[in-house]
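This report refers to the structure that appears directly beneath it.
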DNA sequence: CTGAAAGCGCTTACAG
DNA sequence: CTGAAAGCGCTTACAG
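Residue numbers (this note's numbering), protein chains in the order written: chain D, 597 to 938; chain W, 597 to 938.
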């Protein structure tokens, strides 16, 4: 039997209500009794039962992270640990815990979601998905349950989210290649059902169009967020009768697979093909050659998401419901000018 | 106000106890009433309040992951996502959730620990540390609280843990280099307060001794689990009047930093210096040159730890309290024979 | 400033 | 097979 608030009350010679008030510090209690109670807690080694507290206060001081169904892929991508690092940093700061939940089937996913949200295990959730059809969003909105999306909601109506300007980011990447003299630019997309993939493809096409460069459907291909997908994608591209001279890859992890494929196929980077990726994961700098990439501020994405969520839970005024984290192009050796060699 | 078991009971025309029994499925209830109750739950959209359930049943169906204080380093190392992937896979299978908790100061760490363990937020914890002085172990043992260590406990007395045979693993790595003709072998250790670092250093020394090779203290240096630490370590080694011809690095992430340092300092790998790392993270294969390393089965480490913990919580008989995950040497281009070139 | 009482939403002996 | 009642360990109006 654990030590309860009653035991403390008895030892301190006060009522349980008083002990509760001392712990919560939100009501005036005389210094004298406060001391007595604290003394009693100390000698008994009292720790409040958080389940009981949650039951009555309807708050758990923990938030949930809902991973996409393809959790295996998620864990394999350094993007994940980096968002997690950001989320954790802020939660740590406000004293909240993080509950993770990843189902590997639709049923498991749903059950996990029910446990967290309907079962009341968390006060709010962060969604790490921005799929076209997101089944959770309507459920959360209907219940008025606090949540924030990392990525962009399909309909922006009143939803909290943190994202990059992916259209602009991809536009910038493309322009970088165009300015180096490339006219045949390919594109390796992430899964097409993700909004982020769409946005990046849009940015790419927009740049091509603005600069009057032909957009060729056979130079666009789709890949999963896995190295081997990149490997496959590049094998395909190289088999084309007319090859691009530069390729945009919407995730560094795929980009690394592309680099590996090019190396094995004896195709020199950047001499024969230039590559620019997305995310600026730490491996990108170490690759051979180091990968030019768009840094999207992953840590910031996570940190800000946690911040927005906590504000929502605490019902604090948020200046705005969405934050766009700035991106920047990091130029490395995988891209080089076709005009002048530097 | 959420829908409770009472609402369901009323609609189904039974008592709350009966509803509870239908949900928990552990007592005989007539098919007829079961149907009625399920019907009622369905139409009301009932979801059990897990906090209330936890309070009375004293079980949360969630387990905690306690990260070391240097959480920032942890998140930056792919080792982390990989254990997490393993842990998650098993928890998912048994329907448990994972609560993460990382403090950045001693106080925060302690508070987080108290919340999870003493506050009753979890049914058991996985410790991701095997420090020399581990303050949590005695607290957990005293309370008889289920836990498992990833790594090795200082005193093995009745403690559940999952580890590698790190002495043997490091011995194997060293012998690999010796067999290739190296006689001057350096060692970059991880933080010395970690038992894993000690074990690996022991294995290294043991191999040198058995093969009658001189062990030189100035060829042994300590590094944090960060790339830049590896970079610094190698700068130091190269400044020595007599350099080693091969180096064992006890973590690939440090190894990658070493590789980077060697490249910048114009020192060829493996021609001038051979390198062997530990962990076989996915970057290692992609490095230039690809890194020879000891694969320690990280995913397995996590999966098994979760398994051992759940068994302990469910009070199932465990065949044994500890599991040693097998390792294997993965030979790549960063090590090469001094005798015959392959 | 403090206490007695009711209640949060469940489970589980105890009867029947 | 089912129900009434007590209780899990807290919080919080309501009085005083």
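Glycine included, every Cβ here is placed at the ideal spot set by N, Cα and C.
For residue j and residue i, believed in contact at Cβ under 8 Å, the rounded distance
{"i": "residue 712/D", "j": "residue 750/D", "result": "Not confirmed; about 22 Å, so no contact."}
{"i": "residue 888/D", "j": "residue 848/D", "result": "So it is not a contact: roughly 10 Å between Cβ atoms."}
{"i": "residue 804/D", "j": "residue 811/D", "result": "5 Å"}
{"i": "residue 612/W", "j": "residue 624/W", "result": "Actually they are not in contact, since the Cβ atoms of residue 612/W and residue 624/W sit about 18 Å apart, beyond 8 Å."}
{"i": "residue 920/D", "j": "residue 761/D", "result": "5 Å"}
{"i": "residue 824/W", "j": "residue 853/W", "result": "6 Å"}
{"i": "residue 857/W", "j": "residue 826/W", "result": "7 Å"}
Start and end residues, beta strand (DSSP E) containing residue i
{"i": "residue 713/W", "result": "Per DSSP, residue 713/W belongs to no beta strand (DSSP E) and is neither H nor E."}
{"i": "residue 691/W", "result": "Note, residue 691/W: premise wrong, no beta strand (DSSP E); not H, not E."}
{"i": "residue 860/D", "result": "Taken as a continuous stretch (DSSP letters only), residue 860/D belongs to no beta strand (DSSP E), being part of the alpha helix (DSSP H) at 848 to 860."}
{"i": "residue 627/W", "result": "Run containing residue 627/W: none in the beta strand (DSSP E); it sits in the alpha helix (DSSP H), 627 to 640."}
Beta-bridge partners of residue i, as assigned by DSSP
{"i": "residue 842/D", "result": "781/D, 870/D"}
{"i": "residue 790/W", "result": "727/W"}
{"i": "residue 925/D", "result": "890/D"}
{"i": "residue 743/W", "result": "721/W"}
{"i": "residue 622/D", "result": "In the DSSP output, where bridge partners are listed per residue, residue 622/D has none listed."}
{"i": "residue 760/D", "result": "921/D"}
{"i": "residue 661/D", "result": "696/D, 722/D"}
For residue j and residue i, the rounded distance between their alpha carbons
{"i": "residue 867/W", "j": "residue 930/W", "result": "9 Å"}
{"i": "residue 743/D", "j": "residue 641/W", "result": "21 Å"}
{"i": "residue 616/W", "j": "residue 632/W", "result": "13 Å"}
{"i": "residue 626/W", "j": "residue 629/D", "result": "55 Å"}
{"i": "residue 618/W", "j": "residue 606/W", "result": "14 Å"}
{"i": "residue 938/D", "j": "residue 757/W", "result": "Confidence at residue 938/D is low in this model, with a pLDDT of 38, below 50, so the placement of that residue is unreliable and no value is reported for it."}
{"i": "residue 672/W", "j": "residue 699/W", "result": "16 Å"}
{"i": "residue 910/D", "j": "residue 614/D", "result": "25 Å"}
{"i": "residue 733/W", "j": "residue 665/W", "result": "15 Å"}
{"i": "residue 764/D", "j": "residue 801/D", "result": "11 Å"}
{"i": "residue 881/D", "j": "residue 635/D", "result": "56 Å"}
{"i": "residue 683/D", "j": "residue 893/D", "result": "13 Å"}
{"i": "residue 638/W", "j": "residue 608/W", "result": "11 Å"}
{"i": "residue 833/D", "j": "residue 703/D", "result": "37 Å"}
{"i": "residue 746/W", "j": "residue 759/W", "result": "6 Å"}
{"i": "residue 690/D", "j": "residue 886/W", "result": "42 Å"}
{"i": "residue 685/D", "j": "residue 840/W", "result": "40 Å"}
{"i": "residue 718/W", "j": "residue 906/D", "result": "22 Å"}
{"i": "residue 895/W", "j": "residue 779/D", "result": "44 Å"}
{"i": "residue 785/W", "j": "residue 828/W", "result": "13 Å"}
{"i": "residue 936/D", "j": "residue 676/W", "result": "With a pLDDT of only 45 at residue 936/D, under the threshold of 50, the placement of this residue in the model should not be trusted; the figure read from the coordinates follows. For residue 936/D and residue 676/W, the distance between alpha carbons rounds to 43 Å."}
{"i": "residue 709/W", "j": "residue 838/D", "result": "60 Å"}
{"i": "residue 670/D", "j": "residue 680/D", "result": "11 Å"}
{"i": "residue 903/W", "j": "residue 687/W", "result": "8 Å"}
{"i": "residue 741/D", "j": "residue 925/W", "result": "50 Å"}
{"i": "residue 932/D", "j": "residue 777/D", "result": "9 Å"}
{"i": "residue 813/W", "j": "residue 773/D", "result": "51 Å"}
{"i": "residue 796/D", "j": "residue 653/D", "result": "44 Å"}
{"i": "residue 822/D", "j": "residue 809/W", "result": "44 Å"}
{"i": "residue 598/W", "j": "residue 869/D", "result": "59 Å"}
{"i": "residue 897/W", "j": "residue 891/W", "result": "11 Å"}
{"i": "residue 844/W", "j": "residue 861/W", "result": "19 Å"}
{"i": "residue 928/W", "j": "residue 865/W", "result": "11 Å"}
{"i": "residue 775/W", "j": "residue 781/W", "result": "12 Å"}
Heavy atom of the ligand GTP within 7 Å of residue i beta-carbon
{"i": "residue 706/D", "result": "Ligands are entirely absent from the displayed structure, and the ligand GTP is therefore not among its contents."}
Segment limits, alpha helix (DSSP H) that includes residue i
{"i": "residue 817/D", "result": "No alpha helix (DSSP H) holds residue 817/D; the beta strand (DSSP E) holding it covers 816 to 818."}
{"i": "residue 826/W", "result": "823 to 834"}
{"i": "residue 912/D", "result": "Unbroken run through residue 912/D: none, as it is neither H nor E."}
{"i": "residue 605/D", "result": "601 to 608"}
{"i": "residue 649/W", "result": "646 to 653"}
{"i": "residue 670/W", "result": "667 to 672"}
{"i": "residue 881/D", "result": "878 to 882"}
(request) Evaluate the contact criterion for the stretch 768 to 788 of chain D versus the stretch 871 to 886 of chain D: three or more CB pairs, one atom per stretch, below 8 Å. (result) yes
(request) Would you check if there are 3 or more beta carbon pairs closer than 8 Å linking the stretch 717 to 727 of chain D to the stretch 707 to 724 of chain W? (result) no
(request) For the stretch 655 to 662 of chain D and the stretch 689 to 699 of chain D, state whether three or more C-beta atom pairs, one from each stretch, are separated by less than 8 Å. (result) yes
(message) With three or more beta-carbon pairs closer than 8 Å as the criterion, would you say the stretch 644 to 651 of chain W touches the stretch 837 to 855 of chain W?
(response) no
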